[in-house]
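Asker: For the working numbering, count along the sequence shown from 1 and bump the result up by 7.
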Amino acid sequence: MARLVDVIEMMIKEMLDENDGSATISRSSLAERANCVPSQITYVLSTRFKAGNGYIVESRRGGGGQITITRVRHLSKSDYMQGVLESVGIDLTQQQAKTLLENMIACGAISAREGACVMTAVSDRALAKVDTDIRSVVRADVFKNAVLGLMLDK
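(1) Assuming contact is defined by CB atoms lying nearer than 9 Å, are Thr-49 and Ile-63 in contact in what I supplied?
(2) Which residues in the same chain have their Cβ closer than 7 Å to the Cβ of Ala-30, if we skip the five residues on either side of it in sequence?
(3) Within 8 Å, do at least three Cβ pairs link the stretch 83-90 to the stretch 36-45?
(4) Ignoring anything shorter than 4 residues, give me the alpha helix (DSSP H) runs that lie fully in the stretch 104-131, in order along the chain.
(5) Out of Asn-60, Val-12 and Phe-56, state which residue places its alpha-carbon closest to the alpha-carbon of Cys-43.
(6) Rank Cys-114, Val-154 and Gly-115 by C-alpha distance to the C-alpha of Val-129 and give the top, closest one.
(7) According to DSSP, which residues form a beta bridge with Gln-89?
(8) If the criterion is Cβ atoms closer than 9 Å, does the pair Ala-133 and Thr-139 meet it?
(9) Using 10 angstroms around the beta-carbon of Gln-102, count the other beta-carbons present and answer buried if the total reaches 16, otherwise exposed.
(10) If you run the structure through DSSP and keep just helix, strand and coil, what is Ala-147?
(11) Let me know the secondary structure DSSP gives Ala-153 once reduced to three states.
(12) Closest to Asn-60 by C-alpha separation, out of Asn-26, Ile-112 and Ile-141, would be which residue?
(13) Among all the DSSP beta bridges, which residues are the ones paired with Gln-73?
(14) For Ile-63, does the three-state DSSP call read helix, strand or coil?
Written out as structure tokens, the structure reads:
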């Protein structure tokens, strides 16, 4: 059974597909359709629909919490990868790295082999000897440097 966040993500992606890559939604009505609270919609938007994942999210105050989501397709590979770099903060979880890499592969910015190599380098297994308190910080640094290296090749 799919997790709720996966179901919400799928619902939003279906709306984007039906509307040529752009959709305006109401947080409360989507929450009602997904049988959840609006804060769960906010969570999905902030974690799954970021610029680094190829989306622009614009929130309008008032008016029932209207949100416009646009799938960005016109970016060059280099611009897309730059957006990914800018979306990575000072730390990065293994799951966040996996999601970013999957999106980079899906949009054609990197090959599946390149993604697998970077994922191997930033995995918990590769960083097992790094203290858990700083592992996500080290992972972010390794990830950023690997993506920079891939950008030199593009």
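Just so you know, even glycine gets a beta-carbon here, dropped at the ideal spot from N, CA and C. Fair warning: this is a prediction, and the values are worked out from it, not measured in the lab.
Answerer: Let me spell this out:
(1) As a first step, residue 49 must be located in the sequence shown, where it is residue number 42. As a first step, residue 63 must be located in the sequence shown, where it is residue number 56. Contact flag unset, no.
(2) On the sequence shown, residue 30 is found 23 positions in, with the first residue counted as 1. Residues of the same chain with a CB within less than 7 Å of the CB of Ala-30, apart from the 5 flanking positions on each side, are Met-22, Leu-23 and Ile-76 in chain order.
(3) Not touching, per the Cβ criterion.
(4) List check, alpha helix (DSSP H) in window: 119-129.
(5) Residue mapping note: residue 43 aligns to position 36 of the sequence shown, counting from 1. Out of Asn-60, Val-12 and Phe-56, Val-12 has the C-alpha closest to the C-alpha of Cys-43.
(6) Along the sequence shown, read from residue 1 onward, the residue named residue 129 stands at position 122. Ranking Cys-114, Val-154 and Gly-115 by Cα distance to Val-129 puts Val-154 first.
(7) Here residue 89 is taken as the residue at index 82 of the sequence shown, counted from 1. Partner(s): none; Gln-89 has no beta bridge.
(8) Numbered from its first residue, the sequence shown carries residue 133 at position 126. Numbered from its first residue, the sequence shown carries residue 139 at position 132. Pairing Ala-133 with Thr-139 gives a Cβ-Cβ distance that is not under 9 Å.
(9) Against the sequence shown, residue 102 aligns to sequence position 95. Exposed, by the Cβ-count rule.
(10) The count along the sequence shown starts at 1 and reaches residue 147 at position 140. When DSSP states are grouped into helix, strand and coil, Ala-147 belongs to the helix group.
(11) As a working mapping, residue 153 is identified with position 146 in the sequence shown. In the three-state reduction of the DSSP assignment, Ala-153 falls in the helix class, which pools H, G and I.
(12) Counted from its first residue, the sequence shown places residue 60 at position 53. Nearest C-alpha to Asn-60: Ile-112.
(13) The residue labelled residue 73 in the question sits at position 66 within the sequence shown. Under DSSP, Gln-73 forms a beta bridge with Ser-33.
(14) The residue labelled residue 63 in the question sits at position 56 within the sequence shown. Strand at Ile-63.
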